[in-house]
Structure formats: C-alpha cells, structure tokens
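A short worksheet on the structure shown next.
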Amino acid sequence: MKLATKFIHAGSEPDPSTGAIMTPIYQTSTYVQEAPGKNKGFEYARSQNPTRKALEEAFAVIENGKHGLAFSSGVAATDAVLKLLVPGDEVIAGNDLYGGTYRLFTKIYEKIGIRFIFVDMTDVNNISKAVTPKTKLIWVETPTNPLLNITDIAATVAIGKAAKALVCVDNTFASPYLQNPLDFGADIVLHSATKYLGGHSDVIQGALIMNDDSLREQLYFIQKSCGAVPGPQDCFLVLRGIKTLHVRMQRHCENGIKIAHWLRNHPKVGKVYWCGFEDHPGYAIASKQMRGFGGMISFTLKDDSVATATKVLSSTKLFSLAESLGGVESLINHPASMTHASIPREERVKNGLSDSLIRLSVGIEDADDLIEDLRKAIEQ
Ligand SMILES: *Cc1c(COP(=O)(O)O)cnc(C)c1O
Numbered sequence: 004m005k006l007a008t009k010f011i012h013a014g015s016e017p018d019p020s021t022g023a024i025m026t027p028i029y030q031t032s033t034y035v036q037e038a039p040g041k042n043k044g045f046e047y048a049r050s051q052n053p054t055r056k057a058l059e060e061a062f063a064v065i066e067n068g069k070h071g072l073a074f075s076s077g078v079a080a081t082d083a084v085l086k087l088l089v090p091g092d093e094v095i096a097g098n099d100l101y102g103g104t105y106r107l108f109t110k111i112y113e114k115i116g117i118r119f120i121f122v123d124m125t126d127v128n129n130i131s132k133a134v135t136p137k138t139k140l141i142w143v144e145t146p147t148n149p150l151l152n153i154t155d156i157a158a159t160v161a162i163g164k165a166a167k168a169l170v171c172v173d174n175t176f177a178s179p180y181l182q183n184p185l186d187f188g189a190d191i192v193l194h195s196a197t198k199y200l201g202g203h204s205d206v207i208q209g210a211l212i213m214n215d216d217s218l219r220e221q222l223y224f225i226q227k228s229c230g231a232v233p234g235p236q237d238c239f240l241v242l243r244g245i246k247t248l249h250v251r252m253q254r255h256c257e258n259g260i261k262i263a264h265w266l267r268n269h270p271k272v273g274k275v276y277w278c279g280f281e282d283h284p285g286y287a288i289a290s291k292q293m294r295g296f297g298g299m300i301s302f303t304l305k306d307d308s309v310a311t312a313t314k315v316l317s318s319t320k321l322f323s324l325a326e327s328l329g330g331v332e333s334l335i336n337h338p339a340s341m342t343h344a345s346i347p348r349e350e351r352v353k354n355g356l357s358d359s360l361i362r363l364s365v366g367i368e369d370a371d372d373l374i375e376d377l378r379k380a381i382e383q
C-alpha cells in the first residue's frame, strides 16, 4: 500500500457500536463488567482505552511495526524505554540530542546508576569504540536536533546486534513519511507525536513502535504500571493528525528545499544546516535511509553575534518565536536559550551548537511569503 493510503486508513475501523467513521473519544475511566473477570477487553482506562487502542494501531501501521504504544509525552516515551534498564547498564547516545532527552539521561537516570556515553554518531566507528559488555541500549536521533546530523541506522543496528544491545531511534524529525527505522532493523522507534504526527501544535504526546512481542509486553507493562498515558481527546487529535501527515510532509519538504537554498545564497547568512544539500556530510546516508529531507533547517549569520541573531529571532512575523516544531505554522527558535538550554554551554559549543544558531521549523504556508518574512528579518 502506498503511503498516502496507509496514513489515512491506519488504525481506523468504524466504531463497532454505531459505525462512526472516526474513532470516538472514549472519555471514560472505567468499564462496567458483567461478572468479576468477565469484560469486553477493557477494564480500567490506564490499561486500555478504545481511542488509544486505535491510535496505537495507527502508530504501528505508519512505522511498519507490529506494535505501537502511546505515552503522555515524547519524554514519557523515552522514560519508558530507559526503565527497561537496571543500575550498572550503559547507554551509548549521540552527542547532539534533543535537550529534554539529554536532561532525562543525565539528571534523572545517571543518579540511579545508569551510565551514558555520548559520542559523535555521524561516524559509526565512534559507536563501536564505545561498546562494552555493559552496553544495553544505543540511542540514535537522525536527523539530529538542531544540527541535522545524520547517523547510518543500518550500520548502527549491526553494531547493536553484535553487542546484544537494543537500538532505539528517535524518528521525530524525519516523521514516518520520510524514514522508517524498523525497516533497517532498529528495535524501537520513538516519536514526540507533539510534532509532525499531531501536526497542529495542539497536543503533547509520545509514541513507541516495535516488532518484538516480548519487548512490547515489557514496554506495555511499564506504560500501565507507571501510568504516563495520554487522555482520549489527545489520542483523537493525533489520530486525526496522522490522516494528513503525507500532504503536510510533502509541503514541509517543498518549502524546506526552497528556504534552505534561499538561505544558502543570501550574502548575510553564514552556515546553513540542512541534510538535503549534496555537500552535507550525511547526504549519501540520508538519501539511502530517507525519502526526502523535511522542513527543519538551522543557520547562523555571517555576523556571528548573539545580538544579531536575537534581532532576527525577534523580528520575523510569520515565523513565530517558540519552542517545538512540526506544526502547520512556521516557528523560529534559539536552541541555545530555548530547546537546548538544559545542555551545559561548554558541551553544546564543543558539539557545534553555537550561541548564535537559529533553528527553523518550516511550516506549510506559501514559501514565497515565508522567504519574504525571513528576508525582512535578516536584511533589516
Ligand atoms: C520534542 C522532542 C522530544 C520530546 O517530546 P515531548 O513531546 O516534548 O515530550 C523528543 N525528541 C525530539 C527529537 C523532540 O523534538
């Protein structure tokens, strides 16, 4: 089945009680049982909810996986994966991660005895070198946030298999429209559904998708035992979002191409980070594992000062200054003070995230209007 058809029909079955084409919002905490232990498969809404069930099936379908699980946020989904580990275990992670992931790893899990080794994953040899008998999880983000670095998923999976470590890929930036890590052998795919899956900046949610039955059982046990589940209304919103993911992503990609090239040719712009440039160091790998390059672009100005960057950040009109990404409307963000402020400055700068870096989440408005907005802000 082609992507467009798949995204529209994923997880959608007419409601058995009425035939409603959209899965209803089952706003209930519990379900009436006929006799003790005799129920319709639903006992208590932390463990099961029909709206969530439809969404979890949709997650599995769009990522070519067998099982999906929904969480109350992207970081709650990350947290669930980390709960598979025990003190003494080691995790190899990229050195250019979403700030909230880095904070969860270093501020919550490090103190309970899990060790994190951060490496530059643009070269998978750095991953092999960090493997020890204690390595239990390899955490990959590709493309990375905000520098758009690329990691070879298939090569990482080969290292993970040899080390008997799970490989989890945060696929938030690419979305399932552009990349399906399970197809390359990853064990778990993670999404902040807050971003492209929801797509309308109106919900916080996370997703995990996997093929292995026992891994699903362990993660479902964590989901219901720890309770970070999304409410049914949020599940409905993401189910609806997924139906238009393909058309939104097509436009995000088209606008991304135009804006990345426009920025690169602008005399006041310094470096442009976008994995669709043929001279991007990860281009060959990105072309192998992605179907397009998306609408996430970061850049610096030639006048590489925080003051000038701040002026640009505060003067766009269509690009709203806000954290988050992946919605229909364009956003502009200052990673150093916003999304990535939880990473110590020294660590950030060492990995190439300068204080003057500007990140764009290119929305699906008209590209000419977006370019005009950027032109005015940059040329003022
Ligand atoms: C936003 C984001 C997360 C965290 O998701 P929330 O829904 O905000 O909890 C994780 N990874 C990436 C790449 C993100 O952009």
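If you count the sequence shown from 1, you need to add 3 to reach the numbering used here. The C-beta atom is built at its ideal place from N, Cα and C for all residues, glycine as well.
Excluding five sequence neighbours on each side, which residues of the same chain lie with their C-beta closer than 6 angstroms to the C-beta of residue i?
{"i": "R118", "result": "E93"}
{"i": "E144", "result": "G97, L100, D173"}
{"i": "T175", "result": "H194, S195, K198"}
{"i": "N354", "result": "N98, D99"}
Is the beta carbon of residue i within less than 7 angstroms of some heavy atom of ligand 1?
{"i": "I207", "result": "yes"}
{"i": "T104", "result": "yes"}
{"i": "G77", "result": "yes"}
{"i": "T175", "result": "yes"}
{"i": "Y101", "result": "yes"}
{"i": "L58", "result": "no"}
{"i": "L328", "result": "yes"}
{"i": "T313", "result": "no"}
{"i": "E16", "result": "no"}
{"i": "S204", "result": "no"}
{"i": "K164", "result": "no"}
{"i": "T109", "result": "no"}
{"i": "S364", "result": "no"}
{"i": "T197", "result": "yes"}
{"i": "N98", "result": "no"}
{"i": "N148", "result": "yes"}
{"i": "E144", "result": "yes"}
If you follow the alpha helix (DSSP H) that residue i is in, where does it begin and where does it stop?
{"i": "E16", "result": "Note, E16: premise wrong, no alpha helix (DSSP H); not H, not E."}
{"i": "Y47", "result": "Per DSSP, Y47 belongs to no alpha helix (DSSP H) and is neither H nor E."}
{"i": "M252", "result": "248-267"}
{"i": "Y180", "result": "178-181"}
{"i": "Y105", "result": "102-106"}
{"i": "L222", "result": "216-229"}
{"i": "N129", "result": "128-133"}
With residue i and residue j assumed to form a contact (beta carbons below 8 angstroms), what rounded beta-carbon distance in angstroms separates them?
{"i": "H269", "j": "V365", "result": "In fact, because the Cβ distance is near 15 angstroms, the residues do not count as touching under 8 angstroms."}
{"i": "I162", "j": "S195", "result": "That pair is no contact at about 25 angstroms."}
{"i": "A435", "j": "T342", "result": "Because the chain spans 4 through 383 in this model, residue 435 falls outside it and cannot be assessed."}
{"i": "T54", "j": "Y29", "result": "5 angstroms"}
{"i": "P146", "j": "A177", "result": "6 angstroms"}
{"i": "L240", "j": "V206", "result": "5 angstroms"}
{"i": "K305", "j": "K271", "result": "6 angstroms"}
{"i": "G230", "j": "A80", "result": "Not really, about 13 angstroms apart at Cβ, beyond 8 angstroms."}
DSSP three-state call for residue i: helix, strand or coil?
{"i": "A63", "result": "helix"}
{"i": "D371", "result": "helix"}
{"i": "V143", "result": "strand"}
{"i": "G91", "result": "coil"}
{"i": "I294", "result": "For clarity, residue 294 is Arg in the given sequence; the question names Ile instead. In this structure, R294 counts as coil in the three-state DSSP scheme."}
{"i": "I28", "result": "coil"}
{"i": "G209", "result": "strand"}
{"i": "T342", "result": "coil"}
{"i": "G97", "result": "strand"}
{"i": "S318", "result": "helix"}
{"i": "A289", "result": "helix"}
{"i": "Y34", "result": "coil"}
Got a sec? Which residues, its chain only, sit under 8 angstroms from residue i by beta carbon, not counting five neighbours each side?
{"i": "T33", "result": "E46, Y47, A48"}
{"i": "L356", "result": "D99, P149, L150, P338, A339, H343, I346"}
Spatial neighbours of residue i within its chain, please: CB distance less than 7 angstroms, with the 5 preceding and 5 following residues excluded, ordered by chain position.
{"i": "A133", "result": "I95, I120, V122"}
{"i": "S204", "result": "S327, G330, E332"}
{"i": "E66", "result": "P179, N183, L185, V192, I212"}
{"i": "A168", "result": "T138, K139, L140, I141"}
{"i": "A23", "result": "P17"}
{"i": "N214", "result": "G68, K69, L185"}
{"i": "T135", "result": "E93"}
Which residue comes first and which comes last in the beta strand (DSSP E) that contains residue i?
{"i": "M299", "result": "299-304"}
{"i": "D173", "result": "169-173"}
{"i": "A73", "result": "70-74"}
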